[in-house]
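Numbering (this note's numbering), first residue to last: 20 to 428.
Yeah, the Cβ is synthetic: ideal placement off N, Cα and C, and Gly gets one too.
Structure first, commentary second.
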């Protein structure tokens with residue numbers, strides 16, 4: 020059976036629960052000219068507004084962040100509109116290529132639900148949220164592609180675990196092609212969304228999803244600045260694999276894909292890296308634009324008495340004036356993100372991450388965009404909001420320091 024993309028959004032929900040199986044011969048028809056999903060003007064989409072117009076932020080002080088907030092009002096309980104917002108969050112519930120734990124597609128919603136629990140006052144910073152932080156609704160096409168392609172990717176991964184190769188399996192080779200085209204489509208949607216928001220003067224932030232999610236945003240900003248920016252990558256992993264498991268858009272390949280852009284950033288500075296292949300390590304060592312601060316090296320410097328401030332300064336000095344931050348939550352210690360897809364022992368303390376952000380902005384560098392990826396809620400206890408809580412706090416810090424770094428802050 021072939022599921023044509025002309026019927027994709029209408030029919031996928033009825034097929035997914037019972038009949039989306041490789042054995043049944045299901046595949047997605049993308050067309051000879053590449054992925055040809057119906058056009059989506061998703062910038063025009065907006066979530067249904069609860070009738071709370073009197074609660075919208077106004078500069079006269081109607082909104083009081085010290086009172087009990089609700090996620091129904093907006094992320095962090097902050098009411099507002101897209102038009103009023105200075106900073107816009109793009110949620111990307113996409114986790115098709117995850118290779119270990121699942122759940123990162125629920126990351127944006129987990130962060131949104133936990134966010135009203137935060138107090139929004141940061142000592143030493145203005146209340147930048149008063150300029151408007153706004154979470155967009157998820158793009159329906161990405162939601163549907165994630166639902167459709169997740170089982171295809173899982174079938175590919177299961178086969179590779181058992182047989183080591185897809186050779187001779189035409190059905191799975193077709194499924195791999197479908198997943199790769201879907202990944203490309205997700206990147207195109209995000210790129211176009213970023214371009215539209217940037218035209219409206221919005222600051223861009225993305226919430227994944229797995230770490231393949233932000234490639235479209237990174238690509239757009241690299242094009243926007245002609246590669247004249249550095250990328251600060253905080254992660255447990257290099258993410259420098261080439262087509263991991265055959266997926267061209269793998270979460271394990273995003274930095275390899277970033278480096279391959281025609282407008283690639285002038286520097287890639289990786290921090291907290293502690294789980295990687297020999298090939299990735301060699302690639303990083305040989306590439307002139309990549310600097311790596313391995314977690315064990317950073318810890319040894321600390322154990323030998325070097326202050327973290329000096330380590331942070333050595334990281335920052337490798338970066339140019341404009342900086343994009345790509346933050347995989349597993350760059351932190353795993354007790355801060357226990358349900359992330361690929362947790363690794365070691366990592367940064369939350370306060371070390373906070374200090375690094377502060378030091379970066381105090382150095383005079385400008386954050387031109389960021390993403391936060393791989394937050395995943397507890398699949399066994401929906402009431403456990405710890406992962407979402409930490410994610411919401413980190414997102415708020417990233418947002419506030421990006422706002423602080425702007426020339427008109």
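The segment 136-155 makes no contact with the segment 283-295, as fewer than three CB pairs between them are under 8 angstroms. Between residue 277 and residue 201, the C-beta gap is not smaller than 8 angstroms, which leaves the two residues out of contact. DSSP places residue 142 in no beta strand (DSSP E); its state is neither H nor E. The segment 211-228 makes no contact with the segment 322-337; the number of CB pairs closer than 8 angstroms stays below 3. For residue 193, the closest C-alpha among the options 86, 149 and 171 is that of 171. Rounded to the nearest whole angstrom, the C-alpha separation of residue 93 and residue 181 is 45 angstroms. DSSP places residue 377 inside the alpha helix (DSSP H), whose first and last residues are 369-381. Its chain contains 284, 285, 286, 287, 288, 337, 338, 339, 341, 342 and 343 as the residues whose beta carbon lies nearer than 8 angstroms to that of residue 249, once the 5 sequence neighbours on both sides are disregarded; these appear in chain order. If you look at residue 239, you'll find it in the alpha helix (DSSP H) that goes 234-243. Closest in C-alpha terms to residue 113, from the list 198, 85, 319 and 133, comes 198. Residue 355 sits in a helix when the DSSP states are folded into three classes. Annotation: residue 417 to residue 308 spans about 24 angstroms, alpha carbon to alpha carbon. DSSP places residue 390 inside the beta strand (DSSP E), whose first and last residues are 385-392. The bridge partners DSSP lists for residue 152 are 106. Pairing residue 228 with residue 123 gives a Cβ-Cβ distance under 8 angstroms.
For residue 292, the enclosing beta strand (DSSP E) stretches over residues 286-292. For the set 121, 107 and 399, the Cα lying nearest the Cα of residue 169 is the one of 121. Counting along the chain, residue 297 sits inside the alpha helix (DSSP H) bounded by residues 297-305.
Per the C-alpha coordinates, the member of 103, 185 and 262 positioned closest to residue 219 is 103.
Considering only 128, 138, 133 and 147, the residue with the shortest C-alpha distance to residue 106 is 147. For residue 415, the enclosing alpha helix (DSSP H) stretches over residues 405-423.
The bridge partners DSSP lists for residue 230 come to none.
With respect to residue 208, residue 160 sits close: the two C-beta atoms are nearer than 8 angstroms. Per DSSP, residue 341 lies in no alpha helix (DSSP H) segment; the continuous beta strand (DSSP E) that holds it begins and ends at 341-347.
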